[in-house]
């Protein structure tokens, strides 16, 4: 009876995780065209590409390399954010987690899908929205020192890991905003975002085995 009940709970949790992923995917797919149309009505094609950061910068390969290098250089900032999150978890007793973690016990094809969502879909969509449209919009009005924290806080709060994860996620977002400011192109932040998600997902898989 206990085993059956545990299996039912696990299936329910897994179903809930999938529902969240599907819901977030559809919300993202619906929001992006609206943002694109809103920008398109006010700008030219060249201005749109500049606003969203979707241009080759100094070359695709160089931008990818800059993204990976920038991510590694930003590790101390990310480490501080994670340290604060660990302190919050320890002293508040608040747990953190992600729906995607519930899918790690799936089969090979499910894992391929997870890596696709985490390392391709999420970086492209989230960077387009946050470091692309939103950061560019705020950056036209305010300095980086104000724009980056605002975008990073919104980015962190919209994730499902809970409020205790805001320092960790916000630190990652600060590094991504710095890459956007440095390179102009969104390729570097996307590469760094993909690198971060790949490492996090792979580490989670190794720890669970």
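In the working numbering, the protein residues as written are 1 to 209.
The beta-carbon is built from N, C-alpha and C at its ideal position, and this holds for glycine as well.
Legend entry - the ligand FMN heavy atom lying under 8 Å from the CB of residue 197: The model depicted lacks the ligand FMN and carries no ligand whatsoever.
Inset, instruction - For residue 95, name the three-state secondary structure that DSSP assigns. - result: Note: residue 95 maps to coil in three-state DSSP.
Legend entry - Residue of 121, 144, 105 and 148 minimising C-alpha distance to residue 206: When C-alpha distances from residue 206 are compared across 121, 144, 105 and 148, the shortest belongs to 105.
Inset, instruction - Assuming residue 70 and residue 192 form a contact by the criterion Cβ under 8 Å, report the distance between their Cβ atoms to the nearest whole angstrom. - result: Going by Cβ atoms, the distance from residue 70 to residue 192 rounds to 6 Å, so yes, they are a contact pair.
Legend entry - the stretch 90-100 touching the stretch 134-146, judged by at least three CB pairs closer than 8 Å: Contact between the stretch 90-100 and the stretch 134-146 is absent, because fewer than three Cβ pairs lie under 8 Å.
Legend entry - Spatial distance of residue 109 from residue 117 (CA atoms): Going by the C-alpha atoms only, they are around 12 Å apart.
Legend entry - Reduced DSSP category for residue 9 - H, G, I as helix; E, B as strand; rest coil: Model confidence at residue 9 stands at a pLDDT of 31, short of 50, so the residue's coordinates are unreliable; what they give is reported in the following sentence. DSSP, read as helix, strand or coil, puts residue 9 in helix.
Legend entry - Contact between the stretch 195-205 and the stretch 126-133 (3+ Cβ pairs under 8 Å): Result no; under three Cβ-Cβ pairs closer than 8 Å.
Inset, instruction - For residue 22, name the three-state secondary structure that DSSP assigns. - result: Low confidence applies to residue 22: its pLDDT is 48, below 50, so where it sits in the model is not reliable enough to give any reading.
Legend entry - Option in 47, 103, 66 and 181 with minimal Cα separation from residue 202: Residue 103 is the option with its Cα nearest to residue 202.
Inset, instruction - Mind the definition here: the stretch 45-58 touches the stretch 164-177 only if three or more C-beta pairs lie below 8 Å; say whether that holds. - result: Between the stretch 45-58 and the stretch 164-177, the count of C-beta pairs closer than 8 Å stays below three; the two stretches do not touch.
Inset, instruction - Could you give the DSSP three-state label for residue 136: helix, strand or coil? - result: Annotated three-state conformation of residue 136 is helix, per DSSP.
Inset, instruction - Using the Cα positions of residue 22 and residue 100, report the straight-line distance between them to the nearest angstrom. - result: Reliability of the predicted coordinates at residue 22 is poor, the pLDDT of 48 falling under 50, and the value obtained from them is presented with this limitation in mind. If I take the Cα positions, the gap works out to 11 Å.
Inset, instruction - Write down the C-beta distance between residue 151 and residue 85 rounded to the nearest angstrom, noting that I regard them as a contact closer than 8 Å. - result: In fact, because the Cβ distance is near 19 Å, the residues do not count as touching under 8 Å.
Legend entry - Within 9 Å, strictly: CB atoms of residue 64 and residue 171: Taking 9 Å as the cut-off, the beta carbon of residue 64 is found no closer than this to the beta carbon of residue 171.
Legend entry - Per-residue DSSP class, three states only, for residue 56: Coil.
Legend entry - Same chain only: Cβ atoms within 8 Å of residue 98, ignoring 5 sequence neighbours per side: Cβ contact annotation for residue 98 (same chain, cutoff 8 Å, sequence separation greater than five): 159, 160 and 161, in chain order.
Inset, instruction - Measure from the C-beta of residue 184 to each C-beta in chain B and report whether the shortest distance is under 9 Å. - result: Among the chains in the structure shown there is no chain B, since it carries only a single protein chain.
Legend entry - Minimum C-alpha distance to residue 62 - residue among 83, 184, 136 and 200: Nearest Cα to residue 62 within the set 83, 184, 136 and 200: 184.
Inset, instruction - Label residue 122 either buried or exposed according to how many other C-beta atoms from any shown protein chain fall within 10 Å of its C-beta, with 16 as the threshold for buried. - result: Burial call: buried.
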